[in-house]
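Chains as they are written, first to last, in the UniProt record's numbering: chain A, 1 to 338; chain B, 1 to 338. Yeah, the Cβ is synthetic: ideal placement off N, Cα and C, and Gly gets one too. Predicted, not measured: the structure shown is a model, and the values here were computed from it. The structure appears below as structure tokens.
2 protein chains.
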Amino acid sequence: MQRPTIHDVADAARLSLATVDRVLNNRGGVAEKSVRKVTKAVAETGYVRDIAAANLSRKRRYRFAFILPGIATGFVALLRAELAKEQIRLRPDKIELEIIETAPFDTPSQLAALRSLSGDTTNGVAVFAAEAPEIHDEIARLAHQGVHVLTLVSDLPRSQRDAYVGPDNVAAGRTAAAFMGRFSAGRSGTILMVTGSLASRDHMERVMGFRMVMAERFPNLTLLPAAQGFDSAETVRKLISDTLKTTPLAGIYAVGAGNRGLLEGLRDTSPRPVTIVHELTDISRAALLSGEIDLVIDQNPVAEVRAAISIMRDLSDNRDVTTARGAIPLNIFIRENI
Amino acid sequence: MQRPTIHDVADAARLSLATVDRVLNNRGGVAEKSVRKVTKAVAETGYVRDIAAANLSRKRRYRFAFILPGIATGFVALLRAELAKEQIRLRPDKIELEIIETAPFDTPSQLAALRSLSGDTTNGVAVFAAEAPEIHDEIARLAHQGVHVLTLVSDLPRSQRDAYVGPDNVAAGRTAAAFMGRFSAGRSGTILMVTGSLASRDHMERVMGFRMVMAERFPNLTLLPAAQGFDSAETVRKLISDTLKTTPLAGIYAVGAGNRGLLEGLRDTSPRPVTIVHELTDISRAALLSGEIDLVIDQNPVAEVRAAISIMRDLSDNRDVTTARGAIPLNIFIRENI
DNA sequence: GCTAGAATGATGAACGTCAATCTTTTTCAG
DNA sequence: CTGAAAAAGATTGACGTTCATCATTCTAGC
Numbered sequence: 001m002q003r004p005t006i007h008d009v010a011d012a013a014r015l016s017l018a019t020v021d022r023v024l025n026n027r028g029g030v031a032e033k034s035v036r037k038v039t040k041a042v043a044e045t046g047y048v049r050d051i052a053a054a055n056l057s058r059k060r061r062y063r064f065a066f067i068l069p070g071i072a073t074g075f076v077a078l079l080r081a082e083l084a085k086e087q088i089r090l091r092p093d094k095i096e097l098e099i100i101e102t103a104p105f106d107t108p109s110q111l112a113a114l115r116s117l118s119g120d121t122t123n124g125v126a127v128f129a130a131e132a133p134e135i136h137d138e139i140a141r142l143a144h145q146g147v148h149v150l151t152l153v154s155d156l157p158r159s160q161r162d163a164y165v166g167p168d169n170v171a172a173g174r175t176a177a178a179f180m181g182r183f184s185a186g187r188s189g190t191i192l193m194v195t196g197s198l199a200s201r202d203h204m205e206r207v208m209g210f211r212m213v214m215a216e217r218f219p220n221l222t223l224l225p226a227a228q229g230f231d232s233a234e235t236v237r238k239l240i241s242d243t244l245k246t247t248p249l250a251g252i253y254a255v256g257a258g259n260r261g262l263l264e265g266l267r268d269t270s271p272r273p274v275t276i277v278h279e280l281t282d283i284s285r286a287a288l289l290s291g292e293i294d295l296v297i298d299q300n301p302v303a304e305v306r307a308a309i310s311i312m313r314d315l316s317d318n319r320d321v322t323t324a325r326g327a328i329p330l331n332i333f334i335r336e337n338i
Numbered sequence: 001m002q003r004p005t006i007h008d009v010a011d012a013a014r015l016s017l018a019t020v021d022r023v024l025n026n027r028g029g030v031a032e033k034s035v036r037k038v039t040k041a042v043a044e045t046g047y048v049r050d051i052a053a054a055n056l057s058r059k060r061r062y063r064f065a066f067i068l069p070g071i072a073t074g075f076v077a078l079l080r081a082e083l084a085k086e087q088i089r090l091r092p093d094k095i096e097l098e099i100i101e102t103a104p105f106d107t108p109s110q111l112a113a114l115r116s117l118s119g120d121t122t123n124g125v126a127v128f129a130a131e132a133p134e135i136h137d138e139i140a141r142l143a144h145q146g147v148h149v150l151t152l153v154s155d156l157p158r159s160q161r162d163a164y165v166g167p168d169n170v171a172a173g174r175t176a177a178a179f180m181g182r183f184s185a186g187r188s189g190t191i192l193m194v195t196g197s198l199a200s201r202d203h204m205e206r207v208m209g210f211r212m213v214m215a216e217r218f219p220n221l222t223l224l225p226a227a228q229g230f231d232s233a234e235t236v237r238k239l240i241s242d243t244l245k246t247t248p249l250a251g252i253y254a255v256g257a258g259n260r261g262l263l264e265g266l267r268d269t270s271p272r273p274v275t276i277v278h279e280l281t282d283i284s285r286a287a288l289l290s291g292e293i294d295l296v297i298d299q300n301p302v303a304e305v306r307a308a309i310s311i312m313r314d315l316s317d318n319r320d321v322t323t324a325r326g327a328i329p330l331n332i333f334i335r336e337n338i
């Protein structure tokens with residue numbers, strides 16, 4: 001048995017193709033009675049629109065934009081590399097990806113990126129941005145224009161975004177704390193948390209999760225106030241070595257980027273603090289192998305990009321999207337499993 | 001600018017549509033010179049076949065089969081549940097999934113499943129099977145008939161499979177060992193490994209990885225020979241409690257399924273051995289929360305099913321598939337990050 | 001230079017849907 | 001009962017490709 005087509009629906013409803021089409025694409029001008037007949041016929045026949053044929057007919061393309069910081073290294077670079085690959089891979093599927101780079105931690109630049117988009121040039125957009133009221137406004141504007149908005153890596157739960165694609169950052173922080181505690185094996189000492197910025201929701205969520213578990217389960221470890229490294233290797237390096245001048249550290253949790261600086265700042269420190277960082281990059285991988293880092297918590301950029309695209313597509317085709325779809329698992333790496 | 005079509009290629013090659021079509025679908029009967037002209041025109045115009053249109057025209061459907069053990073609980077049940085979801089979700093894309101259940105750890109039944117498939121009823125198949133020469137033969141037969149074969153969860157690297165979709169099981173074992181060692185914090189003692197079957201390659205690879213890291217880094221921990229629990233809760237329970245009668249355990253690494261039995265066999269043991277199991281299910285999740293289990297190494301069944309389908313589809317459309325595509329990351333769960 | 005056979009061209013119907021246009025039928029107010 | 005508006009029907013040409021058929025033009029061998 002073949003899949004039913006509009007013809008079958010028309011037959012079942014005892015109406016013409018034209019009327020069925022009018023109903024299916026709600027073009028209006030159809031009697032209420034006929035609408036019901038069609039709805040019934042669709043249910044009876046089990047008709048599902050052939051999206052490929054429909055797209056072919058209406059020359060549809062999917063235009064998705066990704067807004068992310070223009071950082072040349074680390075995790076964001078991996079994200080961008082994956083996007084570039086998908087850009088090519090998805091061309092035959094008529095999915096066009098536009099990548100818009102913003103200045104890191106710069107709300108005006110993120111705003112400008114959002115403003116450059118509109119409902120008739122874009123079908124969906126995935127944004128990696130910080131929490132700010134103007135950003136929320138722009139997202140609302142886009143949503144209103146029928147653009148599907150995803151938040152990427154860092155969520156904006158109170159905005160009008162359709163979905164969040166990224167890890168559970170509170171869980172990430174909790175995990176970091178749990179391993180920090182276990183790896184410290186009951187000793188006491190001081191822990192430093194280095195974030196990128198205190199305005200990044202993802203970083204704050206990680207800090208929150210980290211603090212919770214630390215307070216609950218490892219009261220022997222003392223937390224310094226969260227520092228800001230602005231994802232810059234040099235700033236992070238200075239931060240670490242300055243701190244070490246006055247305070248010996250039992251552990252470091254690097255919430256954001258700048259791991260190259262972290263390693264430099266840590267060089268020649270003995271005993272080496274338990275070091276937990278985020279994102280598996282060339283640098284963190286090497287440091288894991290050499291023993292300079294104890295644990296890496298990673299969100300797979302490949303999975304992230306794919307999930308985002310797949311969800312934007314489903315939203316565009318208005319299939320229902322379960323929220324769980326965007327959850328990116330946290331991958332935990334130690335020396336033995338990279 | 002629109003994407004080029006066969007018409008554009010024909011124009012560029014100064015040949016008719018018919019000839020271009022003959023070349024593109026190599027139907028033969030075309031002069032070598034013309035073939036070259038077409039190839040050149042394709043390159044010049046950047047033509048890429050519109051797969052959706054092509055599929056529409058040739059009424060193509062993708063028929064994929066999944067062969068997996070008919071176990072009603074645990075990881076395999078999660079796999080099957082996800083497959084059932086995808087079955088519905090992918091219907092509008094004309095992807096049909098057939099799920100074939102085999103008796104667990106039963107080669108004849110796996111063979112029968114493979115034998116039931118052929119090139120003209122199936123485009124791709126993902127098999128979760130054990131290593132056996134007859135299985136290799138069947139895979140070769142299917143490959144020869146143009147069926148794309150994937151191995152799922154457990155690889156058969158010397159077979160003619162097109163790709164493996166699943167985790168790096170050696171890395172899984174290494175990871176388990178690394179955490180086992182760290183969680184034991186320098187103490188010495190005896191470790192029990194419980195596999196499903198010594199014939200399952202995935203289990204053996206895990207054991208191998210586990211042994212390697214144990215020997216290298218934690219010589220203070222002694223390994224008992226790997227036991228077989230046949231993924232049965234009752235067998236595992238008995239195994240554990242029998243072992244405990246004669247030998248106190250510092251750690252247990254459950255390589256396979258049957259975690260319900262493991263927990264029962266472990267009840268009232270004090271001190272509780274460090275316990276590491278595979279796959280996040282209702283049971284292991286609860287045990288993690290209650291503290292009966294220390295660590296769960298999980299392969300996400302959702303990711304696994306999606307990767308398998310996406311790869312089978314790419315193979316069917318003969319796009320090139322990088323081997324890395326099938327690698328499923330290992331998710332490590334402790335109490336704090338589930 | 002003729003002819004068989006190969007190569008190429010031309011054409012049209014299909015796949016399932018969309019979208020537009022034009023015609024016919026139904027409905028209902030006055 | 002009439003007539004206009006609303007609803008429904010009918011038809012057609014796209015979208016990009018496949019596939020088959022038939023007609024035409026080359027190309028070699030003799």
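With 8 angstroms as the threshold, decide whether the Cβ of residue i is near any Cβ in chain A.
| i | result |
| --- | --- |
| residue 185 of chain B | yes |
| residue 337 of chain B | yes |
| residue 48 of chain B | yes |
| residue 20 of chain B | no |
| residue 250 of chain B | no |
| residue 26 of chain B | no |
| residue 97 of chain B | no |
| residue 262 of chain B | no |
| residue 112 of chain B | no |
| residue 84 of chain B | no |
| residue 303 of chain B | yes |
Rounded to the nearest angstrom, how far is the Cβ of residue i from that of residue j, given a contact under 8 angstroms?
| i | j | result |
| --- | --- | --- |
| residue 309 of chain B | residue 64 of chain B | 7 angstroms |
| residue 8 of chain A | residue 62 of chain A | Between residue 62 of chain A and residue 8 of chain A the Cβ distance is about 28 angstroms, and since that is not below 8 angstroms, they are no contact. |
| residue 102 of chain B | residue 70 of chain B | 6 angstroms |
| residue 117 of chain B | residue 135 of chain B | In fact, because the Cβ distance is near 13 angstroms, the residues do not count as touching under 8 angstroms. |
For residue i, does the count of other Cβ atoms within 10 angstroms reach 16, so buried, or fall short, so exposed?
| i | result |
| --- | --- |
| residue 23 of chain B | buried |
| residue 242 of chain A | exposed |
| residue 273 of chain B | buried |
| residue 40 of chain A | exposed |
| residue 37 of chain A | buried |
| residue 196 of chain B | buried |
| residue 301 of chain A | buried |
| residue 228 of chain A | buried |
| residue 336 of chain A | buried |
Inspect the beta-carbon positions of residue i and residue j and report whether they are closer than 8 angstroms.
| i | j | result |
| --- | --- | --- |
| residue 68 of chain A | residue 78 of chain A | no |
| residue 224 of chain B | residue 214 of chain B | no |
| residue 316 of chain B | residue 181 of chain B | no |
| residue 275 of chain B | residue 294 of chain B | yes |
| residue 100 of chain B | residue 113 of chain B | yes |
| residue 194 of chain B | residue 142 of chain B | no |
| residue 201 of chain A | residue 154 of chain A | yes |
| residue 235 of chain B | residue 256 of chain B | no |
| residue 130 of chain B | residue 107 of chain B | yes |
| residue 169 of chain B | residue 205 of chain B | yes |
Please list, in chain order, the chain A residues whose beta carbon lies closer than 9 angstroms to that of residue i.
| i | result |
| --- | --- |
| residue 332 of chain B | 175, 330, 331, 332, 333, 334 and 337 |
| residue 56 of chain B | 50, 52, 53 and 56 |
| residue 171 of chain B | 336, 337 and 338 |
| residue 213 of chain B | 336 |
Counting only beta-carbon atoms, is residue i nearer than 8 angstroms to chain B?
| i | result |
| --- | --- |
| residue 182 of chain A | yes |
| residue 92 of chain A | yes |
| residue 300 of chain A | yes |
Find the residues of chain B that neighbour residue i, judging by a C-beta separation of less than 7 angstroms, and give them in chain order.
| i | result |
| --- | --- |
| residue 140 of chain A | Simply none; closest approach about 30 angstroms. |
| residue 277 of chain A | The contacting residues do not exist; residue 277 of chain A stays about 16 angstroms from chain B at best. |
Going along chain A, which residues have a C-beta under 7 angstroms from residue i?
| i | result |
| --- | --- |
| residue 207 of chain B | Within chain A, no residue comes near residue 207 of chain B; the closest Cβ sits about 15 angstroms away, beyond 7 angstroms. |
Under 8 angstroms between beta-carbons, which chain A residues line up against residue i? List them in chain order, please.
| i | result |
| --- | --- |
| residue 178 of chain B | 334, 335, 336 and 337 |
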